[in-house]
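Residue numbers for the sequence shown follow our numbering, so the first one is 244 and each next one is one higher.
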Amino acid sequence: MRKSFVAGNWKMATTTAQAKALAGSLLDGITSVEGVDVAVIPPFLAIPAVVDLLRGSTIAVGAQDVYFEKSGAFTGEISCEMLIEAGCGFALVGHSERRHILGETDPLVRKKLDALLAAGMDAILCVGETIEEREAGSTEARLETQVRSGLEGVTLEQARRVTVAYEPVWAIGTGKTATASQAQEAHRFIRGLLAGLFDEETAGKMRIQYGGSVKPENAGELMTQPDIDGALVGGASLKPASFLGIVQAA
Ligand code: 13P
């Protein structure tokens, strides 16, 4: 599969003005890079401005989260329809910060994924173990629970619209990247789970991104691993030169 999808998850770290400036720099820099798909994931309020700025370019725009209900009395939430209207084709679900800081559970993550797929959108399902789970030898058990509860029963057609992002919680925003072999091992395990849930061919076509302190210095080695199909980048995506360095390394 072509190594391709590199996403810039800007988290709650940009105002709309900053997001526009960042998107503008990426647009200028990305024209020289071929053979990769690039997307940015601005905060909700910045989405319309970034979509406007990137219109006609190859850079896609996604959302960091979504709510599963179609509409109604859910103060503060954002629906798939609202995201589509704003120009988003995909959203993350189950990001580690939402699971661990905001208390999202596997069943809630699943409802969000189902809502995206039903709305015709793509989804990035984020999974990953904590340091305690890794040290206790339960990384695979954790990943299996998250992948199964996130994807069991999803149809083959829908599965092709899902990317799984392996983001070990201990590597996110900490500067501690998983080694290329630790990441590859987890990705191979996830690929096996996908083959069991769907079939080998579908599993081979589903992207599995790595996320957690990806930088230009470590992106090259991570991206040469056979089961690492791209990166979900947080901190480094806030610096255009770093982000472009990662894309180039891919
Ligand atoms: P960092 O790249 O800052 O570790 O964040 C990773 C992440 O959470 C991407 O979604």
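For each residue, glycine too, the CB sits at the ideal point set by N, CA and C.
heavy atom of ligand 1 below 7 Å from residue i C-beta
| i | result |
| --- | --- |
| H338 | yes |
| L270 | no |
| N252 | yes |
| I415 | yes |
| V390 | no |
| E410 | yes |
| V309 | no |
| L475 | yes |
| S485 | no |
| V370 | no |
| G305 | no |
| A462 | no |
| A334 | no |
| V405 | no |
| S456 | yes |
| A361 | no |
Cβ shell of residue i (< 6 Å), same chain only, five flanking positions each side left out
| i | result |
| --- | --- |
| K355 | V309, F311, V336 |
| A292 | T259, K263 |
| G305 | A282, I284, C331, F333, A334 |
| E347 | R341 |
| Y453 | Y409, A426, L465, I471, A474 |
When the options are compared against residue i, the one with the closest alpha-carbon
| i | options | result |
| --- | --- | --- |
| K448 | T406, E428, P291 | T406 |
| G463 | G488, V412, A362 | G488 |
| S565 | V304, A414, S480 | Outside the shown range of the chain, which is 244 to 493, sits residue 565, and nothing can be said about it. |
| R342 | P411, T257, A250, L481 | P411 |
| Q261 | L481, A361, Q307 | L481 |
| A429 | A402, L465, E460 | L465 |
| V397 | E376, A438, R431, E378 | A438 |
| I302 | M325, S424, G267 | G267 |
| E376 | G418, L360, T388, A358 | T388 |
| Q468 | T445, A423, I290 | A423 |
| I327 | I290, N461, V476 | I290 |
Cβ neighbour criterion (16 or more within 10 Å) applied to residue i
| i | result |
| --- | --- |
| T382 | buried |
| M255 | exposed |
| E541 | Here the chain covers residues 244 to 493 and nothing more, so residue 541 does not appear. |
| M364 | buried |
| F317 | exposed |
| D472 | buried |
| T257 | buried |
| A384 | exposed |
| K458 | buried |
8 Å Cβ shell around residue i - same chain, five flanking residues per side excluded
| i | result |
| --- | --- |
| I433 | V370, L386, V390, V407, Y409, I451, D470 |
| S392 | D349, P350, V352, R353 |
| L296 | K263, A266, G267, L270 |
Same chain, Cβ closer than 7 Å to residue i, five either side skipped, listed in chain order
| i | result |
| --- | --- |
| L288 | T259 |
| L455 | In the sequence on display, residue 455 carries Gly and not Leu. Only E410, P411, A414, I415, T420, A421 meet the Cβ criterion. |
| C323 | V309, A358, L359, A362, M364 |
| K313 | S322, E324 |
| R404 | L360, D365, A366 |
| P483 | L265, S268, L269, G272 |
Beta carbon proximity, residue i to chain B, threshold 8 Å
| i | result |
| --- | --- |
| P350 | Protein chain content of the structure displayed is limited to a single chain, and chain B is not contained in it. |
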